[in-house]
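In order, the protein sequence lines correspond to chains A and B.
Using my numbering, the first residue of the first sequence is number 1, and each one after it goes up by one.
Using my numbering, the first residue of the second sequence is number 285, and each one after it goes up by one.
Beta carbons: idealized from backbone N, C-alpha and C, even for Gly.
This structure is a prediction, so every number in the text was calculated from the model and none was measured.
Please read the structure below before turning to the comments.
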Amino acid sequence: MVTLKDYQGGETAWCPGCGNFGILTAVKKALVELEISPHEVLMVSGIGQAGKLPHYMKCNLFNGLHGRTLPVATAAKLANHRLHVFAVGGDGDGYGEGGNHLIHTIRRNIGVKYLVHNNQIYGLTKGQASPTSDLGFVTKSTPRGVVSTPLNPIALALALGASFVARSFSGDVPHLVQMIKEAVNHRGFALIDILQPCVIFNHLNTFSWYRERVYKLGEGDYDATDGLAAFKKAQEWGERIPIGVFYKEERPALEELFPAIEDVPLVKQKIESRQFEKLIEEFM
Amino acid sequence: MVEFNFRVGGEAGQGIQTIGYILAKTLARGNMHVHASQDYESRIRGGHNFFHIRVSENPVYGTSEKVDLLIALNRETVDLHTKALTEKGVAVFDGEKTKIEKRDPSQFDVPFERLAVETSGNKIFANTVATGAALSLVKYDFDILSEVLTEIFRAKSKQVAEDNVKAAEAGYRYTEENFKGEVACELKPVEGPRRILINGNEAVALGAMAAGCKFMSGYPMTPSTGILQYMMNKSSDFNLVVEQAEDEIAALNMAIGASFTGVRAMTATSGGGFSLMVEAFSLAGMTETPVVVVLGQRPGPSTGFPTRTEQGELEFVIHTSHGEFARAILAPRDAEDAFYLMNKAFNIAERYQIPVVVLTDEYLADSYWTVDRFDFSKIVIDRGELLSEEEASKIKDYVRHKFTESGVSPRALPGYPGVLVVTDSDEHTEDGHITESAEIRVKMVQKRVWKTKGLEKEMVPLSYGPEKAGTVFLGWGSTYGAIREAVDLLNEEGFEVRMLHFNALWPFPTDAVIDALKGSEKRVMIESNATSQLARVLRAETGIQMTNKILRYDGRPITSNYIIQAFKMEVRA
Ligand SMILES: Cc1ncc(C[n+]2csc(CCOP(=O)(O)OP(=O)(O)O)c2C)c(N)n1
Ligand SMILES: [Mg+2]
């Protein structure tokens with residue numbers, strides 16, 4: 001049996017009261033409830049406060065470059081599709097530096113579960129605007145307030161045909177646990193945009209700011225298989241902020257579409273140089 | 285017969301490459317030595333392209349400026365290449381389509397299009413008529429051409445194959461009946477062995493696959509696109525995962541991700557794409573993840589001269605990326621060398637857990653050579669310190685970046701029960717977690733920088749020619765054939781010249797080079813670049829200066845003739 005103790009990591013270097021703690025708790029809880037062992041998990045994380053998360057638990061970890069989690073995670077999943085592969089990073093990492101990868105990873109529908117700690121700020125570099133910073137938000141890099149329209153990750157993912165799009169809130173651990181479990185059980189790519197208060201650099205989008213606004217999608221008669229409704233719902237931000245699964249669709253994951261790995265994971269296949277000898281005939 | 289040179293010229297889109305390839309393949313089938321190179325523009329239609337085929341009973345190592353038989357698919361080809369014709373050179377063209385006011389005796393008119401329509405019902409077979417005419421001029425065995433055409437076009441349909449054979453025969457017979465002039469020599473098939481005809485990109489791809497590469501991610505860029513395509517086409521039959529990435533940043537990050545998870549992985553690109561890979565290259569260095577990057581050089585800077593050749597990236601790859609870490613750099617001499625060097629590249633990458641660059645260039649990538657069948661018994665897979673699941677399970681408290689005497693740490697893979705594999709692009713402890721410790725930092729730097737110690741002994745350059753010769757020609761990568769030929773020709777003329785050629789450049793084989801250059805009087809560096817990068821590197825690593833340089837940076841390949849002329853004009857003077 002897998003227990004929380006198996007996932008117990010070392011000391012953290014986050015600020016006291018940081019929204020990241022809730023995410024760490026939820027990730028570990030979800031994995032335990034799913035009965036996944038640490039050695040079956042590969043986390044690929046980026047650079048930023050968010051990217052440190054896997055260091056504070058136990059699992060396989062590739063903590064790569066700022067913005068480049070998704071290509072590494074995609075290839076890792078293709079090399080060994082039996083692993084549970086997660087990508088973890090911040091809003092700057094995923095929606096700024098790594099934007100192009102997000103677009104194409106969604107298109108691929110690879111079985112990677114992507115957790116974005118969206119604190120609407122660049123935390124590690126000490127308080128510059130991020131792609132999701134609200135209009136008018138004064139940061140160290142926007143002394144006159146943000147003037148560029150904030151990126152809407154939910155709408156972006158939906159527009160690209162993502163097969164699983166969810167939002168959660170690090171102040172609601174049970175909800176986040178539920179989202180992670182659904183993502184893991186989903187076939188293909190899953191994006192969970194996680195509202196994560198930054199207690200040091202974001203004094204606008206605080207715990208109480210979010211708490212007053214968030215409401216759960218699953219509680220009404222919301223239909224998460226209706227793409228147009230999802231897109232409309234994705235526009236809601238400000239007075240009320242929906243959390244939950246916006247959209248979900250069943251279709252093959254990328255790793256199911258390569259004949260080479262239909263049965264055995266690539267990493268388990270032997271190197272057989274001699275089989276290529278027959279290709280020589282092409283050149284005769 | 286010493287040698288014979290064909291040149292096929294026309295516009296992009298006219299099928300120059302197909303005619304050229306069929307000719308080359310037909311000649312190779314006669315067990316002759318063939319070398320073919322391509323000169324093309326960065327466009328899909330129009331412009332001027334040509335395909336040059338050099339054939340001989342003796343080995344041919346590089347291309348030539350001479351033309352014995354010009355197959356002109358348009359007027360421009362006649363205008364541009366007539367001056368390259370040898371004394372008995374002939375230009376063959378379609379006089380009904382190509383208006384040439386003043387004919388000269390070296391020109392032979394074959395109505396390619398009319399014969400194509402008459403025999404096969406469609407002018408698209410005009411090129412095949414031309415191929416038949418060309419081989420008729422040198423009295424080559426028609427049956428071999430027929431066999432090659434059938435093989436190549438059978439894939440489309442039996443009808444297409446038959447139509448091509450008929451068209452070729454029409455050109456062949458027409459020429460037999462109507463050509464009254466003389467060509468430089470006749471070509472006849474010679475006694476075996478049958479060799480393969482392969483280009484640099486195909487050899488790289490096949491070499492990678494034979495070396496156990498199972499994952500390839502790439503983004504199309506000339507001249508390396510062929511590697512991605514070849515592997516993509518074979519992926520279903522040979523269990524490879526090949527993914528076209530959204531950009532080169534993703535391409536190298538993907539290869540690193542696959543390798544970290546345990547499969548041999550590579551990417552291939554050109555200078556522009558490699559520039560985007562720079563940060564990921566250092567990620568491979570920091571996380572000690574083996575990976576192979578094929579960099580097919582083309583002239584820069586920026587988009588540069590996209591379809592042409594240069595050796596402008598040697599210093600770039602030696603210094604690529606921020607920070608200090610070990611890497612290896614190989615530079616194949618030709619297609620045959622490329623096949624075997626890919627095996628070496630993957631072995632080095634895994635033995636030392638480093639990124640390895642294989643430097644090719646457009647000339648090598650696109651040129652064909654006849655070579656002996658590749659010997660697969662020479663392929664040795666050495667995965668270095670890679671642990672099996674069982675071996676890893678016996679290690680108590682496994683850590684990915686363990687300090688060892690060699691600097692290389694045993695490598696477990698994610699997914700092994702009881703083991704966690706942790707690595708970080710940040711400076712990290714032995715267990716792969718982020719650290720701020722000065723003491724660990726120093727040890728980790730030493731590990732990453734010096735773990736390839738001893739590898740330079742496997743990078744020994746090739747010595748060729750009379751040992752005592754005072755003049756040494758030096759070069760690296762794809763200039764091998766041209767330099768070797770120049771050395772042979774100059775020695776025949778009575779000069780004393782030898783060659784020192786590098787197909788492995790980093791870690792730099794300092795001692796071997798100092799040794800090889802002992803007693804040299806003139807040291808002539810020959811490179812396809814403007815600043816003589818290897819001369820600078822060699823001086824930095826050995827203190828030895830070149831006395832002369834022969835450089836070429838007009839985007840065209842260095843030839844033996846180019847070297848000999850420069851030698852006579854500048855070096856000897
Ligand atoms: C290529 C590159 N550019 C810039 C940085 C500097 N950098 C580190 S983290 C970061 C942004 C962090 O913001 P985010 O991704 O939102 O993570 P957070 O710290 O807020 O969790 C930046 C710009 C870097 N490490 N690499
Ligand atoms: Mg952030």
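Query: Could you check how far apart the C-beta atoms of B:Y514 and B:A489 are, in whole angstroms? I think they sit under 8 Å.; Result: 4 Å
Query: Are the C-beta atoms of A:F86 and some chain B residue less than 7 Å apart?; Result: no
Query: For a contact defined as C-beta to C-beta under 7 Å, what are the partners of B:F658 on chain A?; Result: I280
Query: When you compare the segment 8–21 of chain A with the segment 180–188 of chain A, are there three or more beta-carbon pairs, one atom per stretch, that lie closer than 8 Å?; Result: no
Query: Cβ of A:V72 within 7 Å of Cβ of A:V112?; Result: no
Query: Please state whether DSSP places B:K381 in a helix, a strand or coil.; Result: coil
Query: If we ignore side chains and look at the alpha-carbon of each, how far apart do B:Y748 and B:A770 end up?; Result: 11 Å
Query: For B:K498, would you say it is in contact with chain A, using Cβ-to-Cβ distances shorter than 7 Å as the test?; Result: yes
Query: How big is the Cα-Cα spacing for B:S812 and B:P583?; Result: 9 Å
Query: Heavy atom of ligand 1 less than 6 Å from the Cβ of A:I47, yes or no?; Result: yes
Query: Going residue by residue through the segment 349–412 of chain B, where are the continuous beta strand (DSSP E) segments of at least 3 residues, counting only ones entirely within it?; Result: 351–356, 369–377, 391–393
Query: CB of A:G90 to nearest heavy atom of ligand 2: below 6 Å?; Result: yes
Query: Listing by chain order, which chain A residues have their CB less than 7 Å from the CB of B:D708?; Result: N63
Query: What residue range does the beta strand (DSSP E) around B:G330 cover?; Result: 330–340
Query: If you drop the 5 nearest sequence neighbours on each side, which residues of the same chain put their C-beta closer than 8 Å to that of A:F258?; Result: L78
Query: What does A:M1 reach in chain B if we use C-beta pairs closer than 9 Å?; Result: Those do not exist, as A:M1 stays about 15 Å from chain B at its closest Cβ, beyond 9 Å.
Query: Between the alpha carbons of B:P574 and B:M538, how many angstroms are there, rounded?; Result: 12 Å
Query: Please classify B:V692: does DSSP put it in a helix, a strand, or coil?; Result: coil
Query: Are the C-beta of A:L75 and some C-beta of chain B separated by less than 7 Å?; Result: Note on identity: in this sequence residue 75 of chain A is Ala, with Leu being the wrong assignment. So, interface residue.
Query: Looking at A:S130 and ligand 4, is the gap between the Cβ and the nearest heavy atom below 6 Å?; Result: With respect to ligand 4, the structure shown offers nothing to examine, as its ligands consist of ligand 1 and ligand 2.
Query: Determine, for B:N523, whether the minimum Cβ-Cβ distance to residues of chain A falls below 7 Å.; Result: yes
Query: Please report the straight-line C-alpha distance between A:S208 and A:L195, rounded to a whole angstrom.; Result: 12 Å
Query: Kindly give me the distance between the Cβ atoms of B:S348 and B:M316, rounded to whole angstroms, as I take these residues to be in contact under 8 Å.; Result: Their Cβ separation, rounded to whole angstroms, is 15 Å, which puts B:S348 and B:M316 out of contact at 8 Å.
Query: Can you have a look at B:M728 and say buried or exposed, based on whether 16 or more other CB atoms are within 10 angstroms of its CB?; Result: buried
Query: At least one CB of chain B closer than 7 Å to the CB of A:E256: is that the case?; Result: no
Query: Is B:N485 near ligand 2, in the sense that its beta carbon is under 6 Å from a heavy atom of that ligand?; Result: no
Query: Could you check what DSSP says for B:T551 in three-state terms: helix, strand or coil?; Result: strand
Query: Does the beta carbon of A:A109 come closer than 7 Å to any beta carbon on chain B?; Result: Before going on, a small fix: residue 109 of chain A reads as Asn here, not Ala. Not closer than 7 Å to any Cβ of chain B, the Cβ of A:N109 fails to qualify, so no.
Query: Flag A:A50 as yes when its Cβ comes closer than 6 Å to any non-hydrogen atom of ligand 1, and as no otherwise.; Result: yes
Query: Alpha carbon to alpha carbon, how far is B:G738 from B:I632?; Result: 12 Å
Query: Hey, would you say the C-beta of A:N205 is under 6 Å away from at least one heavy atom of ligand 2?; Result: no
Query: In whole angstroms, what separates the C-alpha of B:Q581 from that of A:A190?; Result: 39 Å
Query: Can you pull the chain B residues whose beta carbon is under 7 Å from the beta carbon of A:P259, in chain order?; Result: S520
Query: What residues in the segment 536–555 of chain B bring their beta carbon closer than 9 Å to a beta carbon of chain A?; Result: L536, N537, M538, A539, I540, G541, A542, S543, F544, T545, G546, V547, R548, A549
Query: Along the segment 672–706 of chain B, where does the CB come closer than 7 Å to a CB of chain A? Name the residues.; Result: L697, P698, G699, Y700, P701, G702, V703, L704, V705, V706
Query: Counting only beta-carbon separations shorter than 7 Å, does B:A308 have a partner in chain A?; Result: no
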